[in-house]
Structures are given as C-alpha cells and as structure tokens.
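This report refers to the structure that appears directly beneath it.
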Amino acid sequence: MSLDCDALPVLEAALAGGGQMSELFLERSTGLMIVMDDGKVEKVLGGVDQGAGLRLIYDLKTAYAYGNSFDQAALLPLAHSLALLAQGQPVAPQTLVPAAPGLVTHTVKPFKDAATAVKVDMVKAAEAAARAVDSRISQVRVIYMDRGQQVRILNSLGVEAEEERSQIIMAVHCVATQDGRVQTGYESMGGIGGMEIFERKDPVKVAQEAARRAVLMLEADPAPGGAMPVVISAEAGGTMVHEAVGHGLEGDLVYENMSVYADRVGQQVANPLVTVIDDGTVPGRRGSGGFDDEGTPCRKNVVIDQGVLKGYLQDRLSAWKLEAQPTGNGRRESYRNRPIPRMTNTLIAPGADDPESIVRTTGDGLFVRKMGGGQVNTINGDFVFEVSEGYLIRDGKVDRPVRGATLTGNGPEVLSQIDKVGNDQGWSLGTCGKDGQGSPVGDAQPTLRIPRLVVGGHQQG
853 MSLDCDALPV LEAALAGGGQ MSELFLERST GLMIVMDDGK VEKVLGGVDQ GAGLRLIYDL
913 KTAYAYGNSF DQAALLPLAH SLALLAQGQP VAPQTLVPAA PGLVTHTVKP FKDAATAVKV
973 DMVKAAEAAA RAVDSRISQV RVIYMDRGQQ VRILNSLGVE AEEERSQIIM AVHCVATQDG
1033 RVQTGYESMG GIGGMEIFER KDPVKVAQEA ARRAVLMLEA DPAPGGAMPV VISAEAGGTM
1093 VHEAVGHGLE GDLVYENMSV YADRVGQQVA NPLVTVIDDG TVPGRRGSGG FDDEGTPCRK
1153 NVVIDQGVLK GYLQDRLSAW KLEAQPTGNG RRESYRNRPI PRMTNTLIAP GADDPESIVR
1213 TTGDGLFVRK MGGGQVNTIN GDFVFEVSEG YLIRDGKVDR PVRGATLTGN GPEVLSQIDK
1273 VGNDQGWSLG TCGKDGQGSP VGDAQPTLRI PRLVVGGHQQ G
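Going by the working numbering, the letters in the sequence shown line up with residues 853 to 1313, in that order.
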C-alpha cells in the first residue's frame, strides 16, 4: 500500500497554536454498487475516491478540514487554518512509530479481480430465485455493494497505522401481495473479505429466505397486543442489543449526559446472566478491523460483565473527556468525516440454557424469529422495535405465525428482566447511522427470554 505523505510538518503546523493532538487520516477507496429492481438492472455504479482529513483537538474541542490531495503543499494551508483556532502555544509532535498489524483479513478472492459482469449475473440469479419461490412475490430488489479501502493514520502522539480493508454486502428486499394485502421480507449477507464470502453463504438461498418471509407474513394472523412473555431467537440477530443497549454506551453520548447509562459504571444494569461485548476482532464480521479510524487497535471490550456496567465505547476525544482510555471505537465513514465513538460487533454472550427448553418452559407468549427496524431514546432507554417474523407460543410450542407485532420497552429494564440466556448464537449485519455517517457493524445474541414485554398488535377484547 502506498499512501505517501510527509506528515510531520503538517501535524506540527496544525499545532502551531497549541492543542492536545493533531491527526492526519489518508484514504484511497474503490467501490461498486449494483441495484436490480422490478426485473431490471437499475444501477451499476463504480468509482475511486481519495483524500486526506486533518483534525486538531484543542481545549477538548475538534476542528476538522479535508481535501483530495496528499501533497504537503495542499495540506499545510489546511493545517494553518486549524492552528488559528487554538490561539495557544506551539506543541511539537512526537516521533512517529509504525504500529504492528492488527487483525489480518485473508482475502482469498479479491472482489477487484472479479468482473463486474460476474457480479451482475449473481444479482440476477438471486432476483430470479426470489421470484421463483411463490407467484405472490410481486417485487424484488437486490443490492450488491463492495468497497476496498486503504487507510493510513498518523497523529502527533506518535501513532502511525496502516491498513487495507475489504467489505462486501448483499441485501434482498421482497414484496408479496394477495387480495389487497401487502407484506415484505428482507435478508442480507456480507462481511470483510472477498468473493469467497459467497462460497460460504449462497446468495440464492439468501434471496429465497427473503421471499419465504414475505409470503409467510401474507398467511399470518394479526399479532395479539398486550404484555406477555417474549422469546427472541438467536436467528433474530443482535438488533436489540445494538439499538437498546449499544448506542447508550457510546462515550460521546455518555459525556453529553444523553445516555441512560451515564455515571453508572460499577452498578448492576442487567441480570447477572447478561454479558454484553463489543468486539472489533471477530474474524470475518462486518464490524471488524485491525485498527479503528484513529489508529487505535481494535479489541474485545466487555462493557457489561454479568450484569455490571464496566465501561463505555470510546474514541480519543470522549476518552479524554471522561478520563478513560480509547477502546478502538473511533470510527468515521471516510476522510470527509471526523471520527466519533461507534460500535463494531456488539453482542450478548451465550449462556447455559437450551433454546428449545426456553420455549418449552414459556407457556404462552411471542416467539421472535427475525427483528425489523427500531428506534431508541438513549436518554431514557425507551425503545420500539418491529418484528418482521414472529410466532405465537402456545403451551410451550411455537405455533402460528403473526404479523404486525412491535416490541416496546426500556433497555435497562429489559436487560434486568431477562431470565433465560441460550447457549446458541446468531449474527446479523448492517450499516449503522449516526451524525450523518454510516458505519459497517455486526451484532449477535443467543436466544433470550423476557418474562414480560409489551407487544403492540391487535388488542383482544
């Protein structure tokens, strides 16, 4: 990798007015997006982008500028403009020390070596497979995206880190219609690596699963409403832990007192059965990497250990503000963006309970096989989630499918109520949005039981 730049003079110039740190983020990226909708290939967009982001932290505030050139002559004016904001005494940068490689991604079949036509054919095959599932499938949308990224991070604290990254994601949206009723199904796959990802998981089967879910929901009964036991399958993925827990553990929200978990380190915030981990080192997962976007090595952070809050997810700035250490969670969408605290791969650790036994001992309730979208208020922890595939539990058995269910609750309360934690684990992936930036993430959970949760649906009576 070659992202050459004489960085030290630029870092020094940015500190001419003082500050805690100056930082240079160099990036070169390639990307391809293929979109097929309604039987037609709508988009095939590819391109190359490169640029440098320069950041100055002074008085625990951030000044940021970026441009498309790595040349010192182009970067020095940016540095001078940032230095004018600090109005203090000059600070000399430390000697740069190259960091050892972090997590190494072994890309067997780089996507750049696969012809675009091959990827288009794969998208077409997935679209055809979804339509073939049932004649009631009325619309299929398939999106394929790959992104290759070269980054080099240098700062005045002596950090120098380089990394090559490779990301693929494929998502399938299906619509099923019958007699005026409309239902949808969604499924996705991807991770870090190359085209070998599609050998480990068949995109045709992913498309068929999305179509199956849409058709199943056409035949489902309206979900009952009210408070009831809820079992969330490992297959549902970790949407709940990501939204209801993870965002509230991000250091910037904690510092701004916009998190229900602020000032609670050392306190019991969940049932002792519950351990929550954010781990940027899980091989192959979408949120993994060797370094975050500040050059801090990614690592396994146990944020809730047997119900006790141990700490928060930090970038350098939030760590300084909270008098803590960076945790490898400083992430940014590109060189155009400043880093902020973000999750990587967030999960609830597996427990000791047999998943089938969890359902068998529940009696009556709701079984969630797949979660949909959700919203959370990080200040008080309240959340609402859609259930994209759910079933009634009757007499300890998974029964009829139901549609239109939502889950409403409070993050800390739900964590405290969980009374069964399965010995299994299921993963999901996505792109998390925050402050206008998208960040690749993974989430996971075992089968969980919440003895009493409000289910939105059709009220009986």
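Ideal placement from N, C-alpha and C gives every residue a C-beta, glycine not left out.
Source: prediction; values computed, not measured.
{"Item": "Backbone secondary structure at PHE1219 - three-state DSSP", "Value": "strand"}
{"Item": "Contacts around LEU1318, its chain only, beta-carbon distance under 7 Å, and the 5 residues preceding and following it disregarded", "Value": "Here the chain covers residues 853 to 1313 and nothing more, so residue 1318 does not appear."}
{"Item": "The region 971-984 / the region 887-895 touching (three or more Cβ pairs under 8 Å)", "Value": "yes"}
{"Item": "Pairwise C-alpha distance: ARG1301 and ILE1084", "Value": "6 Å"}
{"Item": "From GLY1077, ALA1075 and THR1029, residue whose alpha carbon lies closest to that of ARG1064", "Value": "THR1029"}
{"Item": "Endpoints, alpha helix (DSSP H) assigned at ILE1156", "Value": "Careful: ILE1156 lies outside any alpha helix (DSSP H), inside the beta strand (DSSP E) at 1152-1157."}
{"Item": "With 16 other Cβ atoms within 10 Å as the buried cut-off, status of SER1008", "Value": "buried"}
{"Item": "For ALA866, three-class secondary structure by DSSP", "Value": "helix"}
{"Item": "Contacts around GLU1095, its chain only, beta-carbon distance under 8 Å, and the 5 residues preceding and following it disregarded", "Value": "GLY1226, GLN1227, VAL1228, PHE1235 and PHE1237"}
{"Item": "C-alpha distance - GLY1000 paired with VAL1058, whole-angstrom precision", "Value": "23 Å"}
{"Item": "Nearest-angstrom Cα separation, counted from MET997 out to MET1022", "Value": "6 Å"}
{"Item": "Proximal residues to ALA1013 (C-beta, below 7 Å), its chain only, five neighbours per side dropped", "Value": "ALA951, ILE1005, PHE1143 and GLY1147"}
{"Item": "THR1230 vs HIS1099 beta-carbon contact at 8 Å", "Value": "yes"}
{"Item": "ALA1072 - DSSP class collapsed to helix/strand/coil", "Value": "coil"}
{"Item": "Residue nearest to ASP1145 in terms of C-alpha spacing, selected from VAL960, ALA980 and VAL1003", "Value": "VAL1003"}
{"Item": "Cβ-based burial, PRO968 [other Cβ within 10 Å; buried from 16]", "Value": "Before going further, note that residue 968 is Thr rather than Pro in the sequence given. Counting Cβ neighbours within 10 Å, THR968 comes out exposed, since fewer than 16 surround it."}
{"Item": "Neighbour-count burial assignment, PRO1135, 16 or more Cβ in a 10 Å radius", "Value": "exposed"}
{"Item": "Which of helix, strand or coil DSSP assigns to GLN1312", "Value": "For GLN1312, the predicted structure reports a pLDDT of 49, less than 50, and the residue's modelled location is therefore unreliable. The matter cannot be settled from this model."}
{"Item": "LEU1068 versus VAL1117, GLU1108, VAL1034 and LEU927, residue with shortest Cα-Cα distance", "Value": "VAL1034"}
{"Item": "Paired residues, beta bridge with PRO1292 - DSSP", "Value": "THR1283"}
{"Item": "Buried or exposed (CB count within 10 angstroms, at least 16 for buried), LEU1105", "Value": "buried"}
{"Item": "LEU813 in three-state terms, based on DSSP", "Value": "Any property of residue 813 remains undetermined from this structure, which presents the chain solely from 853 to 1313."}
{"Item": "Presumed contact (8 Å Cβ cut-off) between VAL1128 and VAL1155, rounded CB distance", "Value": "5 Å"}
{"Item": "Unbroken beta strand (DSSP E) run spanning ASP1251, endpoints", "Value": "1249-1255"}
{"Item": "Paired residues, beta bridge with THR882 - DSSP", "Value": "VAL900 and GLY1000"}
{"Item": "8 Å Cβ cutoff, ALA1075 in contact with chain B", "Value": "Looking for chain B here will not work: only one protein chain is present."}
{"Item": "Backbone secondary structure at ALA1063 - three-state DSSP", "Value": "helix"}
{"Item": "Rounded separation between ALA1088 and ASN1232 - CA only", "Value": "24 Å"}
{"Item": "Beta-carbon gap between ASN1181 and GLN1166 smaller than 8 Å", "Value": "yes"}
{"Item": "Spatial distance of GLN1312 from GLY1294 (CA atoms)", "Value": "Since pLDDT at GLN1312 reaches only 49, below the 50 mark, its modelled position is unreliable, and the value read off the structure follows with that caveat. For GLN1312 and GLY1294, the distance between alpha carbons rounds to 37 Å."}
{"Item": "PRO1298 beta carbon less than 8 Å from that of GLN1269", "Value": "no"}
{"Item": "Three-state secondary structure (DSSP) of SER1008", "Value": "coil"}
{"Item": "N-terminal and C-terminal residue of the beta strand (DSSP E) that PRO1081 is part of", "Value": "1078-1084"}
{"Item": "Through-space distance from ALA931 to LEU948, alpha-carbon basis", "Value": "18 Å"}
{"Item": "Sequence-distant residues of its chain with Cβ nearer than 6 Å to LEU897 (five each side left out)", "Value": "MET885"}
{"Item": "Length of the line joining the Cα atoms of TYR916 and VAL1093", "Value": "32 Å"}
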